[in-house]
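Using our numbering, read the sequence shown as starting at 503 and increasing by one per residue.
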Amino acid sequence: MPKVGIYCRLSVEDDDKGTDESQSIQNQKAMLRDYCIERGWEIYDIYADDGYSGIDRTRPAFNRLLRDCEQRSIDIVLCKDQSRFSRDTVVIDQYLNDKFLEWGIRFIGVADNADTDNESYGTMRLFTSAYNEMYVKDISAKIRRTLAYKREQGQFIGSFAPYGYRIDPDDKHHLIGDPETAPVVQQIFDLYVSGEGYRHIVQALNAQGIPSPSTYKRQQGSKYVNCNAEGSNARGLWTQSTVSKILTNEVYTGTLVQGKSHHISYKNKKRKKVNPSEWIRIPDTHEAIIDADTWSRTQARLQSNTRVGSRMQELSP
Numbered sequence: 503m504p505k506v507g508i509y510c511r512l513s514v515e516d517d518d519k520g521t522d523e524s525q526s527i528q529n530q531k532a533m534l535r536d537y538c539i540e541r542g543w544e545i546y547d548i549y550a551d552d553g554y555s556g557i558d559r560t561r562p563a564f565n566r567l568l569r570d571c572e573q574r575s576i577d578i579v580l581c582k583d584q585s586r587f588s589r590d591t592v593v594i595d596q597y598l599n600d601k602f603l604e605w606g607i608r609f610i611g612v613a614d615n616a617d618t619d620n621e622s623y624g625t626m627r628l629f630t631s632a633y634n635e636m637y638v639k640d641i642s643a644k645i646r647r648t649l650a651y652k653r654e655q656g657q658f659i660g661s662f663a664p665y666g667y668r669i670d671p672d673d674k675h676h677l678i679g680d681p682e683t684a685p686v687v688q689q690i691f692d693l694y695v696s697g698e699g700y701r702h703i704v705q706a707l708n709a710q711g712i713p714s715p716s717t718y719k720r721q722q723g724s725k726y727v728n729c730n731a732e733g734s735n736a737r738g739l740w741t742q743s744t745v746s747k748i749l750t751n752e753v754y755t756g757t758l759v760q761g762k763s764h765h766i767s768y769k770n771k772k773r774k775k776v777n778p779s780e781w782i783r784i785p786d787t788h789e790a791i792i793d794a795d796t797w798s799r800t801q802a803r804l805q806s807n808t809r810v811g812s813r814m815q816e817l818s819p
């Protein structure tokens, strides 16, 4: 009796979440379970990636499936169709046309009749994988155009509101002031323009027991994770870096600044920084927390400190 690894995937672009696990994933599982039961096959395990693109090679369940395949724990990989497995032509060729044959594993896509045991599948695989990758590329381009349009219209498109703001419950593309944290932002700017340095501001905030921005987000039920957190930041305390980011964030003047980075390509999730001159700045998109005079004085002092620091470095032996 062959052992089957069932793989299910739902893309971010066709996500249809009604519960913690999307209905589409549940449907895929049910269909593929029935397929195995009808043939008397043993289900070794079910692997599911919910909210991942078919071009993403870092999918956790997908990579767990591949590890089990390499260990020869599975005889058949079963998917709804080939695109659920991958929309990347390189990955399709690497596994369905090479590794799976080496490991003695059969691939079946139920809905599109994909079957590596079928001699005619080789030709069909080439056309199917090319079409699937073109689909992802086209979707990616459409998403980029949509996001660019929203930025130019002054619509907020981030997943998390900047500290000091909340996402408007009536309009997810609009920011409104957060009554709990907006005063903290004002305090930071006031302390700085009055002559206090980063160190004193950090000490004052931590002494008052004010949660750091990342801690506050988590307290509000957000799944926000600061991947760069370390030291005091990792312990939920304010840091000089956090204060610096707030003092240089133009969003507090009511100006929305977006498009600071972009993905290298539709296949690569790594982001590339965009030249500040190309950032999209739209003024008066939301309520300002900091008035124009305070912002100007803050930036003037920051630039002055930068120039002093540069001169000190030049004078150092």
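Built from N, CA and C at the ideal position, the CB exists for glycine as well.
**Q.** Nonlocal neighbours in the same chain, by C-beta distance under 6 Å from leucine 580, ignoring five residues either side
**A.** Counting from one through the sequence shown, the residue named residue 580 turns up at place 78. Result list for leucine 580: Val506, Ile508, Leu534 and Ile610, in chain order.
**Q.** The alpha helix (DSSP H) enclosing valine 704, as first and last residue numbers
**A.** Translated into the one-based positions of the sequence shown, residue 704 becomes position 202. Element bounds for valine 704: 700 to 709.
Q) For tyrosine 651, does the count of other Cβ atoms within 10 angstroms reach 16, so buried, or fall short, so exposed? A) Against the sequence shown, residue 651 aligns to sequence position 149. The residue in question, tyrosine 651, is exposed, as its Cβ has fewer than 16 Cβ neighbours within 10 Å.
Q) Which term fits arginine 541, buried or exposed, when burial requires 16 or more other beta carbons within 10 angstroms of its beta carbon? A) Residue numbering aside, residue 541 sits at position 39 when the sequence shown is read from its first letter. Arginine 541 comes out exposed.
Q. DSSP beta-bridge partners for alanine 550?
A. Taking the sequence shown and counting its residues from 1, one reaches residue 550 at position 48. DSSP, once it has assigned bridges, lists Cys510 as partnering alanine 550.
Q: For the stretch 553 to 606, list the beta strand (DSSP E) runs that are entirely contained and at least 3 residues long, ordered along the chain.
A: 578 to 581
Q: Let me know the secondary structure DSSP gives valine 687 once reduced to three states.
A: Counting from 1 along the sequence shown, the entry for residue 687 is found at position 185. Note: valine 687 maps to helix in three-state DSSP.
Q) Quick one: what's aspartate 672 bridged to in DSSP? A) Here residue 672 refers to the residue found at position 170 of the sequence shown. None, per the DSSP bridge assignment.
**Q.** Any 3 or more C-beta pairs closer than 8 Å across the stretch 694 to 705 and the stretch 677 to 685
**A.** no
Q: Give me the Cα-Cα distance between aspartate 600 and aspartate 570, rounded to the nearest whole angstrom.
A: Residue 600 sits at position 98 when you count from the first residue of the sequence shown. Residue 570 sits at position 68 when you count from the first residue of the sequence shown. One C-alpha to the other measures close to 16 Å.
Q. When the Cα atoms are used, what is the spatial distance from valine 810 to isoleucine 791?
A. The count along the sequence shown starts at 1 and reaches residue 810 at position 308. The count along the sequence shown starts at 1 and reaches residue 791 at position 289. Because valine 810 sits at a pLDDT of 46, beneath the cut-off of 50, its placement in the model cannot be relied upon, and the following sentence gives the value as read from the coordinates. Rounded to the nearest angstrom, the two C-alpha atoms are 29 Å apart.
Q: Could you tell me which residues DSSP pairs with valine 759 in its beta bridges?
A: Indexing the sequence shown from 1 puts residue 759 at position 257. Partner(s): Arg783.
**Q.** Boundaries of the alpha helix (DSSP H) in which isoleucine 748 is found, first to last residue
**A.** In the sequence shown, counting from the first residue as 1, residue 748 sits at position 246. Note, isoleucine 748: alpha helix (DSSP H), 742 to 749.
(Q) Comparing C-alpha positions only, which one of His788, Glu789, Ile784 and Ser763 sits nearest to asparagine 777? (A) Counted from its first residue, the sequence shown places residue 777 at position 275. Closest option to asparagine 777, Cα to Cα, is Ser763.
**Q.** Straight-line gap, threonine 591 to glycine 723 (C-alpha atoms, nearest Å)
**A.** To locate residue 591, count along the sequence shown from 1; it is residue 89. To locate residue 723, count along the sequence shown from 1; it is residue 221. Whole-angstrom Cα-Cα distance: 39 Å.
**Q.** Distance, isoleucine 548 Cα to lysine 531 Cα
**A.** Start at 1 with the first residue of the sequence shown, and residue 531 comes out as number 29. Start at 1 with the first residue of the sequence shown, and residue 548 comes out as number 46. The straight-line gap from Cα to Cα measures roughly 8 Å.
(Q) Taking the alpha-carbon of serine 714 as reference, which of Lys639, Asp617, Asp595 and Leu739 has the nearest alpha-carbon? (A) Here residue 714 refers to the residue found at position 212 of the sequence shown. Minimum Cα distance to serine 714 is reached at Leu739.
(Q) With H, G and I counted as helix, E and B as strand and the rest as coil, what does DSSP make of aspartate 795? (A) As a working note, residue 795 is residue 293 in the sequence shown. If DSSP states are grouped into helix, strand and coil, aspartate 795 belongs with the helices.
Q: Would you give the residue range spanned by the alpha helix (DSSP H) that proline 715 belongs to?
A: Position 213 of the sequence shown holds residue 715. Note, proline 715: alpha helix (DSSP H), 715 to 721.
Q | Euclidean distance between Cα positions of aspartate 673 and isoleucine 659 | A | Within the sequence shown, residue 673 is the residue found at index 171, counting from 1. Within the sequence shown, residue 659 is the residue found at index 157, counting from 1. Aspartate 673 and isoleucine 659: Cα-Cα distance of roughly 11 Å.
Q) CB-CB under 7 Å to glutamine 721, same chain, minus the five flanking residues each way: which ones, in chain order? A) In the sequence shown, counting from the first residue as 1, residue 721 sits at position 219. Here the set comprises Pro713.
Q) Can you check whether the CB of glutamine 584 is closer than 9 Å to the CB of aspartate 619? A) Here the question's residue 619 lines up with position 117 in the sequence shown. Here the question's residue 584 lines up with position 82 in the sequence shown. Contact flag unset, no.
Q. Quick one: Cα of methionine 503 to Cα of tyrosine 537, how far?
A. Here residue 503 corresponds to residue number 1 of the sequence shown, with the count starting at 1. Here residue 537 corresponds to residue number 35 of the sequence shown, with the count starting at 1. Using only the alpha carbons, I get a separation of about 14 Å.
Q: Taking only heavy atoms of the ligand ZN into account, decide whether any of them is closer than 8 Å to the Cβ of serine 555.
A: As for the ligand ZN, it is missing from this structure, which has no ligand bound.
Q. Hey, quick one: how far does the beta strand (DSSP E) through leucine 739 stretch, first residue to last?
A. Locating residue 739 in the sequence shown gives position 237, counting from the first residue. Leucine 739 -> no beta strand (DSSP E), and no H or E assigned at all.
Q: Output the boundary residues of the beta strand (DSSP E) element that contains glycine 679.
A: Counted from its first residue, the sequence shown places residue 679 at position 177. First-last of the beta strand (DSSP E) with glycine 679: 677 to 679.
Q. By how many angstroms is the C-alpha of tyrosine 667 removed from the C-alpha of glycine 679?
A. To locate residue 679, count along the sequence shown from 1; it is residue 177. To locate residue 667, count along the sequence shown from 1; it is residue 165. Computed Cα separation, rounded: 4 Å.
(Q) Counting C-beta neighbours from all protein chains within 10 Å, is the total for aspartate 640 16 or more, i.e. buried, or is it exposed? (A) In the sequence shown, residue 640 corresponds to position 138, counting from 1. It is exposed - the Cβ of aspartate 640 has fewer than 16 other Cβ atoms within 10 Å.
(Q) Using C-beta distances below 6 Å, list every residue in its chain close to glutamine 760, excluding the 5 sequence neighbours before and after it, in chain order. (A) In the sequence shown, the residue the question calls residue 760 occupies position 258. Excluding positions up to five away in sequence, the list reads Arg653 and Ile782.
Q) Three-state secondary structure (DSSP) at glutamate 654? A) Counting from 1 along the sequence shown, the entry for residue 654 is found at position 152. Glutamate 654: helix per DSSP, three-state reduction.
Q: Reducing DSSP to helix, strand and coil, say where arginine 667 ends up.
A: Within the sequence shown, the letter at position 165 stands for residue 667. Residue 667 is actually tyrosine in this sequence, not arginine. In this structure, tyrosine 667 counts as strand in the three-state DSSP scheme.
Q. Of the choices Ala550, Arg559 and His765, whose alpha-carbon is the least far from that of arginine 646?
A. As a working mapping, residue 646 is identified with position 144 in the sequence shown. With distances taken between Cα atoms, arginine 646 lies closest to His765.
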